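**Q** Below is the structure I would like to discuss, written out as C-alpha cells.
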Amino acid sequence: MRTTESLSNAIHQDVVLERLVGFIDLLRDENFLCDTTSSLSATEVLTAGYVEHRLYMKESLRTCLCHNRSEWRRFDDLFDFYWRSVKPADDEDTVSPSSSNNQPPEDAARNRMIGFSASSDEQDLDQNITGAGDFKTLSLADFRFVFDQHQMQAIEDLIDSLAKQLRRQRRRRLKSTRKGGHLDMRRSQQKALSTAGTLRELAYRKPIKRLPSFVLLLDVSQSMEVYSKLFLRFTRQLMSEFDRSTAYAFNTQLFELGKGSTRLREQDFENAMNQYSKGWLGGTRIADSFKTFNHDFSRHTVDSTSTVVVFSDGYDTAKPERLIPEVDALKRKAKRLIWINPLLGRFAENEPDPRMDCLKPYLDVYCSGHNLQALEKLATHLLR
Amino acid sequence: MHTHIDAQAQLQKNLKAIGYVANPSLAASLHLMDVLQKPLLIEGEAGVGKTEVAKALAEIHQAPLIRLQCYEGLDAQHALYDWDYKRQLLAIQMSNARHIDDKRPNAIAAEQPSSHLKSAVYSEDFLLQRPLLAAIRSPKRAVLLIDEVDRADEEFEALLLEVLSDFQISIPELGTFNAIHKPWVILTSNAVRELSDALRRRCLYHYVDYPSAAAELNIIKARLPDITNTLAHQVVEYVQRLRQSHLRKTPGVAESLDWSAALMGLGVNDLTSSPEAIETTLACLIKTRQDQELVTRTPQVDDAHD
Numbered sequence: 001m002r003t004t005e006s007l008s009n010a011i012h013q014d015v016v017l018e019r020l021v022g023f024i025d026l027l028r029d030e031n032f033l034c035d036t037t038s039s040l041s042a043t044e045v046l047t048a049g050y051v052e053h054r055l056y057m058k059e060s061l062r063t064c065l066c067h068n069r070s071e072w073r074r075f076d077d078l079f080d081f082y083w084r085s086v087k088p089a090d091d092e093d094t095v096s097p098s099s100s101n102n103q104p105p106e107d108a109a110r111n112r113m114i115g116f117s118a119s120s121d122e123q124d125l126d127q128n129i130t131g132a133g134d135f136k137t138l139s140l141a142d143f144r145f146v147f148d149q150h151q152m153q154a155i156e157d158l159i160d161s162l163a164k165q166l167r168r169q170r171r172r173r174l175k176s177t178r179k180g181g182h183l184d185m186r187r188s189q190q191k192a193l194s195t196a197g198t199l200r201e202l203a204y205r206k207p208i209k210r211l212p213s214f215v216l217l218l219d220v221s222q223s224m225e226v227y228s229k230l231f232l233r234f235t236r237q238l239m240s241e242f243d244r245s246t247a248y249a250f251n252t253q254l255f256e257l258g259k260g261s262t263r264l265r266e267q268d269f270e271n272a273m274n275q276y277s278k279g280w281l282g283g284t285r286i287a288d289s290f291k292t293f294n295h296d297f298s299r300h301t302v303d304s305t306s307t308v309v310v311f312s313d314g315y316d317t318a319k320p321e322r323l324i325p326e327v328d329a330l331k332r333k334a335k336r337l338i339w340i341n342p343l344l345g346r347f348a349e350n351e352p353d354p355r356m357d358c359l360k361p362y363l364d365v366y367c368s369g370h371n372l373q374a375l376e377k378l379a380t381h382l383l384r
Numbered sequence: 001m002h003t004h005i006d007a008q009a010q011l012q013k014n015l016k017a018i019g020y021v022a023n024p025s026l027a028a029s030l031h032l033m034d035v036l037q038k039p040l041l042i043e044g045e046a047g048v049g050k051t052e053v054a055k056a057l058a059e060i061h062q063a064p065l066i067r068l069q070c071y072e073g074l075d076a077q078h079a080l081y082d083w084d085y086k087r088q089l090l091a092i093q094m095s096n097a098r099h100i101d102d103k104r105p106n107a108i109a110a111e112q113p114s115s116h117l118k119s120a121v122y123s124e125d126f127l128l129q130r131p132l133l134a135a136i137r138s139p140k141r142a143v144l145l146i147d148e149v150d151r152a153d154e155e156f157e158a159l160l161l162e163v164l165s166d167f168q169i170s171i172p173e174l175g176t177f178n179a180i181h182k183p184w185v186i187l188t189s190n191a192v193r194e195l196s197d198a199l200r201r202r203c204l205y206h207y208v209d210y211p212s213a214a215a216e217l218n219i220i221k222a223r224l225p226d227i228t229n230t231l232a233h234q235v236v237e238y239v240q241r242l243r244q245s246h247l248r249k250t251p252g253v254a255e256s257l258d259w260s261a262a263l264m265g266l267g268v269n270d271l272t273s274s275p276e277a278i279e280t281t282l283a284c285l286i287k288t289r290q291d292q293e294l295v296t297r298t299p300q301v302d303d304a305h306d
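Rendered as C-alpha cells:
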C-alpha cells in the first residue's frame, strides 16, 4: 500500500517497473527463459530498493532472470545496453529518477538489438523442380546435384529414418543388457508386504540408460552452402533421438544451435542461423571457432564419453597449423573425433589435401558425407 | 532503502569470516534466496566451491545441513521418504501371531493384513525420512543441499518440483507435509546434463566461474593463513596458466588449495628455490594420465599453453 509520503517514490517505481517490463521483453526476444515467476521475483527485487544501486540491481536481476550459463554470460551486455539509456552515462552507481523520464522508449533499445540480427530471406534455398529419382540413385547422388524439391524431401526423409534407425540400434543394445538385471531386495520386500512377507514376486533394478552424447560442429559458411541444410537436418534429427547431444554452428564465429531436447523445432534452428548469419559471407574461421569452442564450451559439453562430429570442408581463412592445436585439444577431451568432409566425394582416393592431411592423425574417422550412402557409413561410425 | 545492500555486504563479511570468499554477485544471490525464499541453483565447474557455499551458509546461520547427493538412478525412496519394510513385516507377523495365540486362526487374515493393520503399518512410526522430507520437517530451519543434481535422472527432477515450488511433500498414505520452516535450498550442477526448464524456472540462478587471480589469492590466504605471500602468488599464477591450457580436467580452486597445502607440508616456501616440488606434488593438480603427459612433456606452463 502506497502512503502519501512515498508518492514520489511510487511514481519513480512505476517508471522503473515499466522499464523493467521492457527489459524482460528484450530478454524474451533474446530467448531467455523469463516466465511470470521470474518476472515477479525481479519486480520484488526492484521494489525492495535495489534500483537505487546499479551494481546490486544488475546482480540481483541476473540471479532472478537468468536460468542457465548461456543467459548468465549474455546478461551483462544486455543489461548494460538496455539500462545505459535509462541514466546519464557519467552516473555509474545510481539511477536518477528524473533522468529515466527523459530517455527514449525501451523499444529503441530493443529495436537496436533486433536490428543486430540479419534477415533470413537472403538465405532461403530456392530449389528448382526438375524431376524425381529412385532411392538407390538418391543414395549415391552428391547432395550438391540434387535440385529437385521432391528429391530433396526424399533425402530429408531418409536422413530422418537414418537418425531413427541409429536410435533403434542403440535401444536394442540397451534392451539386451536388460536381461539378468540386478535383484532389488528393497522393492521385493515392499511387494512382499501384501502377502505378509512371503516373497512371491521379485523386483529388479532397471538398467541405467546410457545413450551416447554427440557434440556436432557444423560449418555453415558459403563453401558448405549446398550441404549445410541437409547436415542441419541430420543434426536436428540426431539431437531429437539423442537428447544428450549438443550442436554448434560456425562461420566467422561459433554459436550454439541447441542443446539436448531443449530446442529442436526447425524454426528455432533457422532463427539461430539467421541471428548469427552476418558472418556467412566473411570466410570461415575454423581455427578461431574451435578455439572459442575449446575455451568456452568444451568443458561443459565434451567429456570422455562424447563423440564429436565435425561437418566441414576444412576451408579456413587461417593457416592449417593454427587449427592443429585446437583439434588436438578436442581429440584429447573426446571419446572419438569424427570429421565429415563432403568435398571428399569429389576427389580421388589418396589425393593429397594440404588443408586436411595435417589434421588426419588427430581424427578417429575422416570420411565423406556428400551423399546418403556416405551418411549411412557415418551411422556405423557413430554407433561404435 | 539500503537495508538489503547492507545485508548483502554483511553476508559477504560473515562468509569471509568463516573462510569462504564470496564475490558481491554470489552474496547478492544468497541474499535474494533468503528474501524471496526460493531455491538457488548454482552451476559451475567442478572444484569452484559450489558445495562449499551450502556448508558456509549452514555455518553462518548455525543451521543443520541436510545433503542429498544425486546420482543416476536416484529415486523417491532415497530422496523423499521410504517405508521401513522390515519393521512393517515384523508388525504384520506379530499381529498374525497374536491371532494364533487368540486361537482364532484364520488363513485369510494371516495372509492379508486387515484394514486396521494396514493403517497401522502405514503410519509415521514406519516412515523413514530421507533428506528432502527431513529438511521439510526439520524443527529448525535447515540448509538443504541437493548436490550435483545434473547427475540424477530427468524423472527425479519432476520429483523435486513440488518440494522446490511449494516446500511440501505429498505422501499418498499420509497426506501432504508442509515445511515447518522453509529451508534454504541450494542445488548444484556441473552442467553434465542439461536441466529441465521447469526446474530452472523454480530456482534463482548463479553461475560460478573459475576465480580471477586476485580472488583466488584471497581464497588461498583465507583458507591457508600460514602460507607465504610468495608461494601463494606462485601457486595462483601457475594454476591460472594451467587453466588456459587444454587439459581434460581443469584444476579448480579445491585443487589449488590441495596443492598449496601439499607444498606447505613439504616445507616449500618458494617454488623457484625448489622447482622439483612441482613435479612431486603435481598429483594434487593433474587428475588424468593425458594431462600429466601434457604437463610433464612441457614443464614450463608457458610452453604448455603455447
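Protein chains in written order, with the numbering used here: chain W, 1 to 384; chain U, 1 to 306. Just so it is clear, CB atoms sit at the ideal spot from N, CA and C, and this is done for glycine as well. Just so you know, these numbers come straight off a predicted model, no measurement behind them.
What's the gap between the Cα of residue 320/W and the Cα of residue 356/W?
**A** 8 Å
**Q** Can you name the start and end residues of the alpha helix (DSSP H) that residue 81/W belongs to?
**A** 69-83
**Q** Would DSSP call residue 390/W helix, strand or coil?
**A** Because residue 390/W is not part of the residues shown, which for chain W are 1 to 384, the question remains open.
**Q** Given this structure, state the Cα-to-Cα distance separating residue 272/U from residue 238/U, to the nearest angstrom.
**A** 12 Å
**Q** So is residue 354/W buried or exposed if we call it buried at 16+ other beta carbons inside 10 Å?
**A** Exposed: under 16 other Cβ atoms inside 10 Å.
**Q** Compare the C-alpha of residue 337/W against each of 345/W, 343/W, 296/W and 382/W and name the closest.
**A** 382/W
**Q** Got a sec: which bits of the region 30-64 of chain W sit with their beta carbon under 8 Å from any beta carbon on chain U, in order along the chain?
**A** Taking 8 Å as the Cβ-Cβ cut-off against chain U, the residues of the region 30-64 of chain W that qualify are 33, 35, 37, 38, 41, 44, 45, 48, 49, 50, 52, 53, 55, 56, 59, 60, 62, 63 and 64.
**Q** Taking 8 Å as the cut-off, decide whether the C-beta atoms of residue 377/U and residue 59/W are in contact.
**A** This structure gives no information on residue 377/U, because the portion of chain U shown stretches from 1 to 306.
**Q** By how many angstroms is the C-alpha of residue 121/U removed from the C-alpha of residue 92/U?
**A** Their backbone Cα atoms lie some 8 Å apart in a straight line.
**Q** Could you tell me which residues DSSP puts in a beta bridge with residue 217/W?
**A** Listed as beta-bridge partners of residue 217/W by DSSP are 248/W and 310/W.
**Q** Does residue 373/W get closer than 8 Å to chain U when you measure Cβ to Cβ?
**A** no
**Q** Tell me, please, whether the region 26-34 of chain U touches the region 43-62 of chain W by the rule of three or more beta-carbon pairs shorter than 8 Å.
**A** yes
**Q** Name the DSSP bridge partner or partners of residue 235/U?
**A** Partner(s): none; residue 235/U has no beta bridge.
**Q** How would you list, in chain order, the residues of chain U whose beta-carbon sits under 8 Å from the beta-carbon of residue 389/W?
**A** Residue 389/W is absent from the model: chain W starts at 1 and stops at 384.
**Q** Quick one: is residue 14/U near chain W, going by C-beta distance under 8 Å?
**A** no
**Q** Using CA atoms only, rank isn't needed, just tell me which of 259/W, 323/W, 299/W and 212/W is closest to residue 248/U.
**A** Closest option to residue 248/U, Cα to Cα, is 299/W.
**Q** What did DSSP end up calling residue 177/U once you bin it into helix, strand or coil?
**A** strand
**Q** For a contact defined as C-beta to C-beta under 7 Å, what are the partners of residue 92/U on chain W?
**A** 196 and 197
**Q** Applying the 10 Å Cβ sphere with the 16-neighbour rule, what's the burial state of residue 18/W?
**A** So residue 18/W ends up on the exposed side.
**Q** Evaluate residue 94/U with the Cβ neighbour count: other Cβ atoms within 10 Å of its Cβ, from every protein chain shown; 16 or more gives buried, anything less gives exposed.
**A** exposed
**Q** On the premise that residue 195/U lies in contact with residue 149/U, defined as a C-beta separation below 8 Å, what is that separation, rounded to the nearest angstrom?
**A** 7 Å
**Q** I want to verify the contact list: residues of chain W whose CB lies under 7 Å from the CB of residue 206/U, in sequence order.
**A** 63
**Q** Please check the pair residue 11/U and residue 81/U, which I expect to be a contact at CB under 8 Å, by giving their CB distance rounded to whole angstroms.
**A** At roughly 33 Å, the Cβ-Cβ gap does not stay under 8 Å, so residue 11/U and residue 81/U are not in contact.
**Q** Exposed or buried, what is residue 220/U when buried is set at 16 or more other beta-carbons lying within 10 Å of its beta-carbon?
**A** buried
**Q** Have a look at residue 97/W and residue 82/W and give me their C-alpha separation to the nearest angstrom.
**A** With a pLDDT of only 33 at residue 97/W, under 50, the local geometry of the prediction cannot be trusted, and the value read off the model is given with reservation. Approximately 16 Å between the Cα atoms of the pair.
**Q** Taking the straight line between their C-alpha atoms, what separation do you get for residue 85/U and residue 96/U?
**A** 16 Å
**Q** My output table needs one value for residue 106/W: the three-state DSSP class, helix, strand or coil.
**A** Below a pLDDT of 50, predicted positions are generally treated as unreliable, and residue 106/W, at 42, falls in that range; no measurement from the model is reported.
**Q** With distances taken from CA atoms, which of 201/U, 131/U, 133/U and 225/U is nearest residue 41/U?
**A** Ranking the options by Cα distance to residue 41/U, first place goes to 201/U.
**Q** With contact counted as at least three CB pairs below 8 Å, one residue from each stretch, are the region 224-237 of chain W and the region 179-196 of chain W in contact?
**A** no
**Q** Measure the C-alpha to C-alpha separation of residue 120/W and residue 221/W and round it to an integer number of angstroms.
**A** Note that residue 120/W has pLDDT 31, beneath the 50 cutoff, so the model's placement of it is unreliable and the number below is only indicative. Whole-angstrom Cα-Cα distance: 15 Å.
**Q** Name, please, each residue of chain U whose Cβ falls closer than 8 Å to the Cβ of residue 189/W.
**A** Going along chain U in sequence order, the residues near residue 189/W (Cβ under 8 Å) are 85, 86 and 89.
**Q** What is the residue span of the alpha helix (DSSP H) that residue 276/U lies within?
**A** 276-280
**Q** Which one of 89/U, 75/U and 87/U has the shortest CA to CA distance from residue 131/U?
**A** Nearest option by C-alpha distance: 75/U.
**Q** Determine contact between the region 8-22 of chain U and the region 362-372 of chain W, defined as no fewer than three beta-carbon pairs at a distance below 8 Å.
**A** no
**Q** Could you compute how far the alpha carbon of residue 290/W sits from the alpha carbon of residue 66/U?
**A** 42 Å
**Q** CB-CB under 7 Å to residue 18/U, same chain, minus the five flanking residues each way: which ones, in chain order?
**A** 56, 59 and 60
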